[in-house]
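Have a look at the structure below before the remarks.
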Amino acid sequence: MNIDNTQSQMRKGVLEFCILSIIKQGEAYPSDIIEKMKEAKLDILEGTLYPLLTRLKNAELLKYRWEESMSGPPRKYFSMTDKGEAFYLDLEKTWNELANAVHQLTSKQ
Amino acid sequence: MKKIININLASRLIPIEDSAYEILRQYLDSLKKYFAREEGADEIVSDIEGRIAEIFLDKIKKGAHCITDEDVVGVKAVMGTPDQFEEGNDTNTQQQQSAASNDPIYDSFRTRKRLFRDPDAKVLGGVCGGLGAYLNVDPVVFRIIFALLAIGGFGSGILVYFILWVVTPEANTAAEKLQMRGERVDVNNIRTAVQDEINATKAHLKDIKYEMRNFSQGRGRQVGNDIERFGRSLFDVLGRILIVLTKGFFFFLAVVILLILLFVGVMITVASPVLLPFKALLLAGTLQNLLFWPAVFLLLGVPVVGIIIFIIRKLTGVKQTNRYVGYTLSFLWFTGLICAILVGVSVAKDFRLRNTVKENFALVQPSKGKIVFKEAENLVQVEETFFDDDLKLADDTVIINNYRLSVEKSKNDSFYIEVQRSSRGRSIAQARTLAREISYPITQQDSVIYLPAGISIPRNSKFRDQRVRIIVRVPVNKQVEMDSKVRDHYHNWNWDWDNDWDDHHRWDDNDDNDDNNDNGVHVLKMTPDGIDKKDNNRVTDKDSLENNYRYKGKQERNTTPVEDTSKSANATSKGKVAFEGDAISYSLFNLLS
């Protein structure tokens, strides 16, 4: 068994949730999201983010709007849809359950 | 120095180094391929491109003139390369992957190779490339095999190749290429394969134009060029080999001639102490003597020198030749030639005329009516002999076995001999003088006459083809006997000094060569009609044969010993010379053996 694999699996599990939570706090564009993730010590590659965002957008959990910027190409600002909100709540619930379970299991050492 | 191009990245104009552009393009292609299966792949990619453009513009704003390789590499690191991406979708494939890897059967199934034609490694149709990938062997091996089959197998190689070309599919997609190589076909491998392919193609092409150029000047054409060059160089080499061989041959020839000349020269030098007396004998007069040595040296020496020079030039590779060398050598050689000719002419003149001195010698009459000729022992110490004893060299004389004996009817009742000494010379007087100088002493002892083995020429005299002829005058009904050695010099009929001189051996044609056998003696008898000029000896021989076979037969031919010569005379009145006595059987014995 490869530990990298397991670790990567763990991360992958929570990625969507994390990103959604960032966007829930407010409109954000990808660079922004990455910055925030970095701050939370959860580094993510842009190449990973973009497809994820696109997927979420395609699933109508997110929507975006273009914003022209003076210094550079137009940016996509992502924001949550209602569907996304509901989705997020579900995920939050799942996460809490998961966290409790894990916490419970790991603390019994 | 690098080339800079402008690109349109997410609708933004960005100056970027050519090489950096390559890296970027490659990256974006890999992303496209990676996200190809994703829904909204284009969007993802354009988002990423936008992000990259943002980063680039930022850099430029900060003062960079253009985007460099390092910038692109940095962006790649930040964005991540496809193999680093982690998404939800991965999990499925990864699980599949691990499941697959644990199953050996599944594994082998997956890694089973399929034969494709490899478009990336093709000269003609990629058949050999595909075969090489399938069997994990260098495709060149297959190309060699096909080529050999085509040549040696009467073109069967071409047929096989075409069949394979038609039948085998080409591996175009990444999946097919992986299958061709027998690698597991999964997403990761595809990614890797695609990456590799990008790298590989990148190494060859820059853009479409480049691609076209490469196609038209494909390996096939290159091979054609190579073959052409090879063919030309082959002819070149063949021509050069031919030239070298010819040169070598002439060189070899020159060496051979040189060796021959040297050998001749050495022989002459070695033999000169022996030959010198001959030179003294042959050459007379200051002119001849003077010209002789120069003639020899120049005639032989110049070619020797010339060939030596030629060989040296060839060996040392000296190209330039001194013109004068050739001229002087030719001149010298011609001088030698002229001298030789002069000497030759002069010597020939010395042999122009012939003169004979004739003398008669009375003989003591033999009691038995038969005179015997024997060859005398050599009285002089002989040093050298040449030509099978015909030429002997003594201390101060040269003895030449050059005498001839004839038998003719005597003009009277007694035996006598005529000795004719003959010589050639420049003039009649000279010839005569030389003839007189011939020493041929004949001695008689009872009924035996001793003839010297050869005529002697004193050293300070000259060789001028001296000859001696002895004519024995035999009275009718008398006989003459000669020993084998003398017999060799016997000459039966009238002859000229020069024309018939060598005919004496004809008599011996039908006999065995009895030179060394002293037992064979011959006896001749003189009849009233003389000795027949025709080839009666042979006839006589036959008769004798018949005679002795019918020994008791014909009384007429029955010949008896010496005492009954008169009877024999009657018997042989036909005018033939008869063999007589014991001598017959002995000579017959010699005839038949």
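Taken in sequence, the protein lines are chains A and B. Numbering (the numbering used here) for the first sequence: 1 to 109. Numbering (the numbering used here) for the second sequence: 1 to 593. Where a beta carbon is used, it is the ideal one built from N, C-alpha and C, also for glycine. Predicted model, so just to flag it, every value in this text is computed and none were measured.
Item to complete: Would you check if the distance between the CB atom of residue 485 (chain B) and the CB atom of residue 420 (chain B) is smaller than 9 angstroms?
Response: If you number the second sequence from 1, residue 485 (chain B) lands on position 485. If you number the second sequence from 1, residue 420 (chain B) lands on position 420. Contact flag unset, no.
Helix, strand or coil for residue 90 (chain B) per DSSP? Walking along the second sequence from the start, residue 90 (chain B) turns up at place 90. Low confidence applies to residue 90 (chain B): its pLDDT is 46, below 50, so where it sits in the model is not reliable enough to give any reading.
Under a CB-based cut-off of 9 angstroms, is residue 91 (chain B) close to chain A?
Walking along the second sequence from the start, residue 91 (chain B) turns up at place 91. Here the model assigns residue 91 (chain B) a pLDDT of 41, short of 50, so the residue's position is not dependable, and the following value carries that caveat. Answer yes: the Cβ-Cβ gap between residue 91 (chain B) and chain A drops below 9 angstroms somewhere.
Helix, strand or coil at residue 26 (chain A) according to DSSP, with G and I counted as helix: Locating residue 26 (chain A) in the first sequence gives position 26, counting from the first residue. The answer is coil: DSSP assigns residue 26 (chain A) none of H, G, I, E or B.
- Item | Contact set for residue 121 (chain B): own chain, Cβ-Cβ below 6 angstroms, skip 5 residues either direction | Sequence index remark: in the second sequence, residue 121 (chain B) carries index 121 (1-based). Excluding sequence neighbours, residue 121 (chain B) sits near 129, 139.
Classification of residue 259 (chain B) by the beta-carbon crowding that lies within 10 angstroms, buried from 16 upward:
Against the second sequence, residue 259 (chain B) aligns to sequence position 259. Residue 259 (chain B) comes out exposed.
Requested in this report: Using the Cα positions of residue 457 (chain B) and residue 303 (chain B), report the straight-line distance between them to the nearest angstrom.
Outcome: Reading the second sequence from its first residue, position 457 is the one you call residue 457 (chain B). Reading the second sequence from its first residue, position 303 is the one you call residue 303 (chain B). Taking C-alpha positions only, residue 457 (chain B) is separated from residue 303 (chain B) by approximately 37 angstroms.
### Message
Between which residues of its own chain and residue 27 (chain A) is the CB-CB distance below 6 angstroms, once the five residues before and five after are set aside?
### Response
Locating residue 27 (chain A) in the first sequence gives position 27, where the first residue counts as 1. Counting only Cβ-Cβ distances below 6 angstroms, and skipping sequence neighbours, we find 77, 79.
*asked:* Determine, for residue 20 (chain B), whether the minimum Cβ-Cβ distance to residues of chain A falls below 9 angstroms.
replied: The count along the second sequence starts at 1 and reaches residue 20 (chain B) at position 20. Closer than 9 angstroms: no.
Cβ shell of residue 91 (chain A) (< 8 angstroms), same chain only, five flanking positions each side left out
Translated into positions along the first sequence, residue 91 (chain A) becomes position 91. Within the same chain, residue 91 (chain A) has close Cβ partners 16, 17, 20.
Could you give the first and the last residue of the continuous alpha helix (DSSP H) run that contains residue 15 (chain B)?
Taking the first residue of the second sequence as position 1, residue 15 (chain B) is located at position 15. For residue 15 (chain B), there is no enclosing alpha helix (DSSP H); the residue is part of the beta strand (DSSP E) that begins and ends at 12 to 17.
| Going along chain B in order, which residues have a C-beta closer than 7 angstroms to the C-beta of residue 45 (chain A)? | To locate residue 45 (chain A), count along the first sequence from 1; it is residue 45. Those within 7 angstroms of residue 45 (chain A) in chain B are 79, 80, 84, 85.
Problem set entry | Reduced DSSP category for residue 425 (chain B) - H, G, I as helix; E, B as strand; rest coil | Along the second sequence, one-based indexing puts residue 425 (chain B) at 425. In the structure shown, residue 425 (chain B) sits in a strand (DSSP, three-state: E or B).
**Prompt:** Count the other CB atoms within 10 Å of the CB of residue 177 (chain B); is the residue buried (16 or more) or exposed (fewer)?
**Reply:** Position 177 of the second sequence, counted from the first residue, corresponds to residue 177 (chain B). It is buried - the Cβ of residue 177 (chain B) has at least 16 other Cβ atoms within 10 Å.
Next item on the list: Just mark residue 489 (chain B) as buried or exposed, buried being the case when its beta carbon has 16 or more other beta carbons within 10 Å.
Entry: Your numbering for residue 489 (chain B) matches position 489 in the second sequence. Counting Cβ neighbours within 10 Å, residue 489 (chain B) comes out buried, since at least 16 surround it.
- Query: Between the segment 247 to 258 of chain B and the segment 293 to 310 of chain B, are three or more C-beta pairs nearer than 8 angstroms?
  - Reply: These segments touch.
(request) Could you run through the segment 33 to 67 of chain B and flag, in chain order, every residue whose CB is less than 8 angstroms away from some CB of chain C? (result) Of the protein chains in the structure, A and B, none is chain C.
field: Exposed unless 16 or more other CB atoms sit within 10 angstroms - verdict on residue 413 (chain B)
entry: As a position in the second sequence, residue 413 (chain B) is number 413, starting the count at 1. Exposed, since its Cβ has fewer than 16 Cβ neighbours within 10 Å.
Residue interval of the beta strand (DSSP E) (run including residue 407 (chain B))
Numbered from its first residue, the second sequence carries residue 407 (chain B) at position 407. From DSSP, the beta strand (DSSP E) with residue 407 (chain B) extends over 403 to 409.
Q.
According to DSSP, is residue 295 (chain B) part of a helix, a strand, or is it coil?
A. Here residue 295 (chain B) is taken as the residue at index 295 of the second sequence, counted from 1. DSSP, read as helix, strand or coil, puts residue 295 (chain B) in helix.
message: So, with DSSP's three-state summary, where would you put residue 472 (chain B)?
response: Mapped onto the second sequence, residue 472 (chain B) falls at position 472. Of the three classes helix, strand and coil, the one that applies to residue 472 (chain B) here is strand, per DSSP.
Check your understanding: Hey, is residue 50 (chain A)'s beta-carbon within less than 9 angstroms of any beta-carbon in chain B?
Key -> Within the first sequence, residue 50 (chain A) is the residue found at index 50, counting from 1. Yes, contact with chain B.
For residue 363 (chain B), which residues from the same chain have a beta carbon less than 8 angstroms from its beta carbon, with the 5 sequence-adjacent residues on both sides left out? Numbered from its first residue, the second sequence carries residue 363 (chain B) at position 363. Closer than 8 angstroms at Cβ, skipping near neighbours: 371, 414, 415, 416, 417, 444, 449.
Q.
Any beta carbon from chain B within less than 9 angstroms of residue 92 (chain A)'s own beta carbon?
A. What you label residue 92 (chain A) is simply residue 92 of the first sequence in a count that begins at 1. Taking CB atoms only, residue 92 (chain A) has no neighbour in chain B less than 9 angstroms away.
- Query: Quick one: does residue 594 (chain B) have its CB under 9 angstroms from some CB of chain A?
  - Reply: There is simply no residue 594 (chain B) to check, as chain B begins at 1 and stops at 593 in what is shown.
Original post:
residue 124 (chain B) versus chain A: which residues are under 9 angstroms apart at the beta carbon?
Top reply: The residue given as residue 124 (chain B) occupies position 124 in the second sequence. The premise fails here: residue 124 (chain B) is roughly 41 angstroms from chain A at the closest Cβ pair, so nothing lies under 9 angstroms.
- Query: For the candidate residues A:37, A:58, A:68, whose alpha-carbon lies nearest to that of residue 50 (chain B)?
  - Reply: Residue mapping note: residue 50 (chain B) aligns to position 50 of the second sequence, counting from 1. The option with the nearest alpha carbon to residue 50 (chain B) is A:68.
- prompt: Touch check for the segment 51 to 65 of chain B and the segment 57 to 74 of chain A: three-plus C-beta pairs under 8 angstroms?
  reply: By the criterion of at least three beta-carbon pairs nearer than 8 angstroms, the segment 51 to 65 of chain B is in contact with the segment 57 to 74 of chain A.
Margin query: Residues of the segment 52 to 74 of chain A in Cβ contact with chain B at a cutoff of 9 angstroms, in chain order, please.
Written below: For the segment 52 to 74 of chain A, residues whose beta-carbon sits nearer than 9 angstroms to a beta-carbon of chain B comprise 52, 53, 54, 55, 57, 58, 69, 71, 72, 73, 74.
**Asked** What first and last residue would you give for the alpha helix (DSSP H) that runs through residue 77 (chain A)?
**Response** Within the first sequence, numbered from 1, the residue matching residue 77 (chain A) stands at position 77. Run containing residue 77 (chain A): none in the alpha helix (DSSP H); it sits in the beta strand (DSSP E), 75 to 80.
* Contacts of residue 31 (chain A) in chain B (Cβ-Cβ under 8 angstroms) -> For the purposes of this step, residue 31 (chain A) is taken as the residue at position 31 of the first sequence. Here the neighbours are 51, 54.
(message) At the level of alpha carbons, what is the spacing between residue 82 (chain A) and residue 59 (chain A)?
(response) Against the first sequence, residue 82 (chain A) aligns to sequence position 82. Against the first sequence, residue 59 (chain A) aligns to sequence position 59. If I take the Cα positions, the gap works out to 12 angstroms.
Check: Which partner residues of residue 355 (chain B) appear in the DSSP bridge assignment?
Finding: Against the second sequence, residue 355 (chain B) aligns to sequence position 355. Looking at the DSSP output, residue 355 (chain B) bridges to B:423.
_Between the alpha carbons of residue 354 (chain B) and residue 423 (chain B), how many angstroms are there, rounded?_
Walking along the second sequence from the start, residue 354 (chain B) turns up at place 354. Walking along the second sequence from the start, residue 423 (chain B) turns up at place 423. Distance between the alpha carbons of residue 354 (chain B) and residue 423 (chain B): 5 angstroms.
Item checked: Close beta carbons around residue 78 (chain B), own chain, < 8 angstroms, minus the five adjacent residues each side -> As a position in the second sequence, residue 78 (chain B) is number 78, starting the count at 1. Closer than 8 angstroms at the Cβ level, and outside the excluded window around residue 78 (chain B), lie 55.
- request: May I ask you to list the residues that DSSP assigns as paired with residue 594 (chain B)?
  value: There is simply no residue 594 (chain B) to check, as chain B begins at 1 and stops at 593 in what is shown.
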